[in-house]
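Engineer:
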Amino acid sequence: MNWLLTGMLAAVLGIAVSAPVAAQDSVWTLEPDARIEVQAVSAQTTTRDEDLIIDGEAVSLRGQVGAALEGRGMRFRLEADRIEVFRLGNGRADIARDRFTATAETDLAQGWQLQVQGRHYDDFVTVEAADTDEWQGSARLTWEARRQHRIRLQGTWREREYAGSAGPETTGQGPRIDAQYRRRFGAYHYLAFDLRAEGIRSDDPRRGYQRQSAGVAYTRPLTPDLRVRPALEVIRTRFDGRLTDAGERRRDRLIVPEVELLWWKDKWRVEAEAKYIGFQSNEARREREGYRLTLSVGYAF
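Here the sequence shown is numbered in our numbering, starting from 32 and rising by one per residue.
(1) Is the Cβ-Cβ distance between V69 and A89 less than 8 Å?
(2) Restricting to runs no shorter than 3 residues, where is the beta strand (DSSP E) found entirely within the region 106-160?
(3) Let's test the definition: count the other Cβ atoms within 10 Å of the Cβ of D56 and tell me whether it reaches 16, buried, or not, exposed.
(4) If I follow the unbroken beta strand (DSSP E) through E264, where does it start and stop?
(5) Does DSSP classify A315 as helix, strand or coil?
(6) Could you give the distance in angstroms between the alpha-carbon of A74 and the alpha-carbon of L139?
(7) Comparing the CB of D129 with every heavy atom of the ligand GTP, is any distance shorter than 7 Å?
(8) DSSP beta-bridge partners for Y322?
(9) In three-state terms, what does DSSP make of F332?
(10) So the candidates are P206, R273, Q141; which of them puts its Cα closest to the Cα of E159?
(11) Write down the C-beta distance between R171 and Y152 rounded to the nearest angstrom, noting that I regard them as a contact closer than 8 Å.
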């Protein structure tokens with residue numbers, strides 16, 4: 032997968048080098064940006080998108096830098112960010128994650144848009160391992176009619192390397208498919224439905240899994256700068272090589288209702304989130320319920 036991200040980086044950098052010349056004709060615009068965010072978490076949960084496990088209390092610091100180049104119906108973006116998680120309590124090790132992204136977008140026929148993306152994660156926690164590096168490439172097709180209806184389909188291929196175990200490093204790979212329908216009622220007023228199916232295959236039987244999830248979220252503005260977002264998500268996971276005491280493949284189900292308040296004023300981003308976690312499994316000792324409370328304060332430069 033390295034070749035995909037390398038090729039995209041080369042393409043974006045090549046255009047960026049020529050941007051000053053093109054800018055003289057007002058064809059291309061280059062916009063650098065940066066963001067910093069501090070987050071406090073009290074939780075017993077696993078995130079969906081990056082599978083970062085946080086139990087108890089933690090404080091995290093995130094820094095992001097990027098640059099966007101746009102012109103002639105094309106948009107390119109390079110982005111790098113790092114998250115440092117400081118987990119509170121004795122015997123709880125801190126963790127960190129790096130992410131590098133290269134994205135290219137273009138408008139097709141009226142209402143259609145294509146996005147191609149390469150991404151690399153370094154040292155992040157996944158559902159199947161505590162120390163994972165990942166290369167991924169994705170393509171996303173969007174159709175939007177008069178801004179009221181939007182449909183997105185995305186396919187992603189992931190190559191993973193696992194470390195940190197007593198044995199030799201192992202690998203895994205597999206696809207992820209995402210689909211979303213969003214209905215727009217007005218400015219920052221949406222109803223969205225999301226479906227996802229994914230899987231990882233690995234020679235290490237502990238790593239393989241299959242997962243399906245469905246979610247619905249409703250976003251409504253309360254004031255020009257404040258909005259509320261209730262949501263519900265259901266996630267089902269089956270591990271190919273992890274067996275219960277009864278000899279069955281382990282199956283987990285996660286039910287997550289949540290509500291989020293977002294205050295976006297100028298370049299400030301303040302977000303508060305409360306989740307209830309209902310975790311069920313056919314391996315009884317893994318069943319639990321809990322919560323995730325999050326407060327984050329960010330500033331975009």
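Beta carbons are placed, not taken as given, at the ideal position from N, Cα and C, and that holds for glycine.
Structural biologist: Taking the coordinates as given:
(1) no
(2) 126-138, 143-155
(3) Confidence is the limiting factor: at D56 the pLDDT is only 47, short of 50, which leaves the residue's position unreliable and the question unanswerable from this model.
(4) 257-274
(5) helix
(6) 43 Å
(7) No copy of the ligand GTP occurs in the structure displayed, which carries no ligand at all.
(8) Y307
(9) coil
(10) R273
(11) In fact, because the Cβ distance is near 18 Å, the residues do not count as touching under 8 Å.
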